[in-house]
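2 protein chains.
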Amino acid sequence: MPEEIDIYQTIKTQLTSNGFEHGAKLRAEVLRDEYNCSASTVREVLFRLSTVGLVDFQEQRGFRVPKRCAAKLIELTHMRVLLESEGTVLSMRKGGVLWEARLTAAHHQLSHIEKRIHAHGDPSGLIEIWSNSENDFHQTLISDCGSETLKQMHRRVYAQFRQQLMVADRQFDFISGNIQHHAAILDAALSGDEALTRAKIHDHLARHLKGDTLASTTG
Amino acid sequence: MPEEIDIYQTIKTQLTSNGFEHGAKLRAEVLRDEYNCSASTVREVLFRLSTVGLVDFQEQRGFRVPKRCAAKLIELTHMRVLLESEGTVLSMRKGGVLWEARLTAAHHQLSHIEKRIHAHGDPSGLIEIWSNSENDFHQTLISDCGSETLKQMHRRVYAQFRQQLMVADRQFDFISGNIQHHAAILDAALSGDEALTRAKIHDHLARHLKGDTLASTTG
DNA sequence: ATTTATCATAATTTCGAGATTATTGTATAT
DNA sequence: ATATACAATAATCTCGAAATTATGATAAAT
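Order-wise, the sequence lines are chains A and B. Take the first sequence: its letters are residues -11 to 207, numbered as in the working numbering. Take the second sequence: its letters are residues -11 to 207, numbered as in the working numbering.
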């Protein structure tokens, strides 16, 4: 069995779920023990992840986890708005009932978890499952856009976005306003109002655009 | 000196300038002779290029040059319109005179070459220089958008786009209409009319959207 | 004649070591 | 005390070969 694919996914998951410190050095000779493989294999994986933006690489100076950076988060947010709006509107136009059903289902699950977190106050044990549901909802929004390229780019941006946001022990990206935000996006999408849908997607992410020099284009 | 970076650039250039056949197999053991290095180094490079979309990879079945595919070209074109419009409008808003100057210069050079090709009839000897100028013009359009992320994504999409279009001995992407198209984009950008600029960028690339199921969003 | 099994060949994947380069610490000189 | 030169250490980069897996050819069986 070729394990490089597994190792790639494993390290990628670690990178996007706070498995490493921001700015931490990633030494192949050290990581090899974690995954029972050689340093060369780890090196290849890190090289690939650097191409995707989840790892920083400098020649002759090795690999590092990208450090937190406000400007970068703004750029990634801006990209999310752009790609997610476009993908969602395209999915709406294809007008599939199946898509509406899947979106409703994804929102139902996400909503359920968010209400539990809101009621409970402490999201500690639910962070992973919430993170997966949030991801699923946003992926579903664009799932029927008809462009594998767009979906791939969005996955990439989303992964980097999450990496920037993840901090140990904190409440991550979750705020109580999310419940209304997600519901508003769902309603707008089902209503068929493209401009409204774009606006709601923008509003949902707007809090990450504080101090932005990049103005919004579609709002 | 670490040559992997050089080899990466070399192979990338070959991939985007018709250096390989569409669908051709890329065997590390064979390519190593071309670049005076080991098969492992070539393998790493191909792995990285596969992450960027310029090489197809299947586990246990090696690397291949992506084959030509109408649907893919449409997706890439759609992405170019999306990213290039957004990046250009953002550059316009930053309103730099330096940007306008650079854009005018880039257009002047491109225009010069295109008129020579148009007059001469045969673009054979000018393909490479035209290709560089065209690339430069479009990169300059978005150069002051303020988002490294957007620029990086556009570079990637553009590279894949060109790879799809390149065919040996043919006139590549060049058509006589380009001269008017590029001039129209320049004029619109300098005039400050955002909607018009978006429209002209779309029109310029519209011929690659034949048979598109993805409708345009901003036009 | 077509299918299945087995074997030989070729390609891919993984590895650890050697070569190269950066980093750190120490000593000397200004 | 600061700066420079040099040596020791640690990291990165490159490589060729061994291990694994796919591919293709040949033979046996239905």
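Beta carbons: idealized from backbone N, C-alpha and C, even for Gly.
Taking the runs of the alpha helix (DSSP H) that are 4 residues or longer, which of them lie wholly in the region 118 to 204 of chain A? 136 to 153, 165 to 179, 182 to 193
So with CB distances below 7 Å, who are the chain B contacts of A:H66? In the first sequence, counting from the first residue as 1, residue 66 of chain A sits at position 78. Those within 7 Å of A:H66 in chain B are S135.
Taking only runs of the beta strand (DSSP E) that begin and end inside the region 24 to 73 of chain A, which ones reach a length of at least 3 residues, in chain order? 44 to 46, 50 to 52
Looking at chain B, which residues of the region 138 to 155 of chain A have a Cβ within less than 9 Å of any of its Cβ atoms? L138, Q140, M141, R144, V145, Q148
Per DSSP, cross-strand counterpart(s) of A:L78: Taking the first sequence and counting its residues from 1, the one referred to as residue 78 of chain A is at position 90. Per DSSP, none; premise fails for A:L78.
One question on the structure: do B:I130 and B:S79 come within less than 8 Å of each other, judged by their Cβ atoms? Along the second sequence, read from residue 1 onward, the residue named residue 130 of chain B stands at position 142. Along the second sequence, read from residue 1 onward, the residue named residue 79 of chain B stands at position 91. For B:I130 and B:S79, yes; Cβs fall inside 8 Å.
Below-8 Å beta-carbon distance, B:V18 vs any chain A residue: Walking along the second sequence from the start, residue 18 of chain B turns up at place 30. Not an interface residue.
What is the C-beta distance between A:R36 and B:T39, in whole angstroms, given that I count them as a contact (C-beta under 8 Å)? Within the first sequence, residue 36 of chain A is the residue found at index 48, counting from 1. Within the second sequence, residue 39 of chain B is the residue found at index 51, counting from 1. Indeed they touch by this definition, with Cβ atoms about 5 Å apart.
For chain B, find out if any of its Cβ atoms is closer than 8 Å to the Cβ of A:I130; answer yes or no. Working through the first sequence from its first residue, we reach residue 130 of chain A at position 142. No, no contact with chain B.
Considering just the uninterrupted stretch of the alpha helix (DSSP H) at B:A94, what are its terminal residues? Taking the first residue of the second sequence as position 1, residue 94 of chain B is located at position 106. It spans 85 to 108 - the alpha helix (DSSP H) in which B:A94 sits, taken as one unbroken run.
At least three beta-carbon pairs within less than 8 Å, the region 10 to 21 of chain B to the region 162 to 182 of chain A: no
Which term fits A:Q46, buried or exposed, when burial requires 16 or more other beta carbons within 10 angstroms of its beta carbon? Looking up residue 46 of chain A in the first sequence gives position 58. Classification of A:Q46: exposed, given that the 10 Å Cβ count is below 16.
B:G207 CB to nearest chain A CB: under 8 Å? Counted from its first residue, the second sequence places residue 207 of chain B at position 219. The predicted model places B:G207 with a pLDDT of 38, which falls under 50 and marks its position as unreliable, so this point remains unresolved.
Excluding five sequence neighbours on each side, which residues of the same chain lie with their C-beta closer than 8 Å to the C-beta of B:S73? Here residue 73 of chain B refers to the residue found at position 85 of the second sequence. Correct list, in chain order: T185, R186, I189, H190, T206.
List the residues that DSSP assigns as beta-bridge partners of B:L14. Reading the second sequence from its first residue, position 26 is the one you call residue 14 of chain B. Its beta-bridge partners are B:F51.
Any beta carbon from chain A within less than 8 Å of B:E47's own beta carbon? In the second sequence, counting from the first residue as 1, residue 47 of chain B sits at position 59. Chain A, which has a Cβ nearer than 8 Å to the Cβ of B:E47, makes this yes.
Short check: CB of B:L197 to CB of B:H95, under 8 Å? Residue mapping note: residue 197 of chain B aligns to position 209 of the second sequence, counting from 1. Residue mapping note: residue 95 of chain B aligns to position 107 of the second sequence, counting from 1. Against a cut-off of 8 Å, the Cβ pair of B:H95 and B:L197 comes out as no contact.
Give the interface partners of A:R36 over in chain B, defined as CB-CB distance under 7 Å, in chain order. Locating residue 36 of chain A in the first sequence gives position 48, where the first residue counts as 1. By Cβ distance, chain B contributes F35, R36, T39.
Measuring alpha carbon to alpha carbon, tell me which of A:A27, A:C57, A:A177 ends up nearest A:D132. Here residue 132 of chain A corresponds to residue number 144 of the first sequence, with the count starting at 1. Comparing Cα-Cα distances from A:D132 to each of A:A27, A:C57, A:A177, the minimum goes to A:A177.
Using a Cβ-Cβ cutoff of less than 7 Å, which residues in the same chain neighbour B:I67 once the five nearest sequence positions on both sides are dropped? Here residue 67 of chain B refers to the residue found at position 79 when the second sequence is read from its first residue. Contrary to the premise, residue 67 of chain B reads as Met rather than Ile in this sequence. Excluding residues within five positions, the ones whose Cβ falls inside 7 Å are V145.
What's the call for B:K55, buried or exposed, on a 16-neighbour Cβ count within 10 Å? Working through the second sequence from its first residue, we reach residue 55 of chain B at position 67. B:K55 should be labelled exposed.
A:K103 burial status per 10 Å Cβ neighbour count (16 or more: buried): Residue numbering aside, residue 103 of chain A sits at position 115 when the first sequence is read from its first letter. Under this definition A:K103 is an exposed residue.
For a contact meaning CB atoms closer than 7 Å, what does A:T201 contact in chain B? As a working note, residue 201 of chain A is residue 213 in the first sequence. Chain B residues near A:T201: G134.
Below 7 Å on C-beta distance, what does B:E116 contact in chain A? Position 128 of the second sequence, counting from 1, holds the residue named residue 116 of chain B. Chain A residues near B:E116: none, gap ~26 Å exceeds 7 Å.
Option in A:I(-5), A:K60, A:L98 with minimal Cα separation from B:T137: For the purposes of this step, residue 137 of chain B is identified with residue 149 of the second sequence, where counting begins at 1. For B:T137, the nearest C-alpha among the options comes from A:K60.
Any idea what DSSP makes of A:S5, helix, strand or coil? Residue numbering aside, residue 5 of chain A sits at position 17 when the first sequence is read from its first letter. Reduced to three states, the DSSP call for A:S5 is coil.
With the cut-off set at 8 Å, would you say A:M141 and A:L71 are in Cβ contact? Counting from 1 along the first sequence, the entry for residue 141 of chain A is found at position 153. Counting from 1 along the first sequence, the entry for residue 71 of chain A is found at position 83. Yes, these two residues count as a Cβ contact at 8 Å.
Answer yes or no: does any C-beta atom of chain A fall closer than 8 Å to that of B:E63? What you label residue 63 of chain B is simply residue 75 of the second sequence in a count that begins at 1. It does: the Cβ of B:E63 has a partner Cβ on chain A nearer than 8 Å.
Which listed residue (B:Q151, B:D161, B:E17, B:L114) has its alpha carbon closest to that of B:V208: Nothing can be reported for residue 208 of chain B: it is not among the residues displayed for chain B, which extend from -11 to 207.
Restricting to Cα atoms, I'd like to know which of A:H126, A:Y(-4), A:G41, A:H106 is closest to A:Y23. Translated into positions along the first sequence, residue 23 of chain A becomes position 35. Nearest C-alpha to A:Y23: A:Y(-4).
In angstroms with no decimal places, state the Cα-to-Cα distance between B:T201 and A:T128. Indexing the second sequence from 1 puts residue 201 of chain B at position 213. Indexing the first sequence from 1 puts residue 128 of chain A at position 140. Each residue's Cα considered, the two are about 19 Å apart.
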